[in-house]
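Okay, so here's the structure we're looking at.
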Amino acid sequence: MPLDYAGQNLRGRSFKGQNLEGANFSYADIRGTNFTEANLREANFTGAKAGLQKSWGLNSF
């Protein structure tokens, strides 16, 4: 059964290396969430809030 995170606040959470196949992240706040090497096949991100947390910076080249 797929995991359901719909509408949840997941800011800054780590799902590193996890199997999230078919997971529902619709309308969740995933800003700053770590999905490194996670299996996101068939995951639903409809309407999810995404981006970097304010404390994170990007280097200019």
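Sequential numbering from 0 applies to the sequence shown in numbering that gives the first Met the number 0.
From the three backbone atoms N, C-alpha and C, an ideal C-beta is built for every residue, glycine too.
Pairing Phe14 with Ala37 gives a Cβ-Cβ distance under 7 Å. Thr32 and Arg10 do touch by the CB rule: their CB atoms are close to 7 Å apart, below 8 Å.
Scanning its chain for C-beta atoms nearer than 8 Å, with the 5 sequence neighbours on each side dropped, one finds around Gly16 the residues Thr35, Glu36 and Ala37, in chain order. Separation of Leu2 and Leu19 (C-alpha to C-alpha, rounded to the nearest whole angstrom) is 7 Å. Lys15 carries a coil assignment under DSSP once its states are collapsed to helix, strand and coil.
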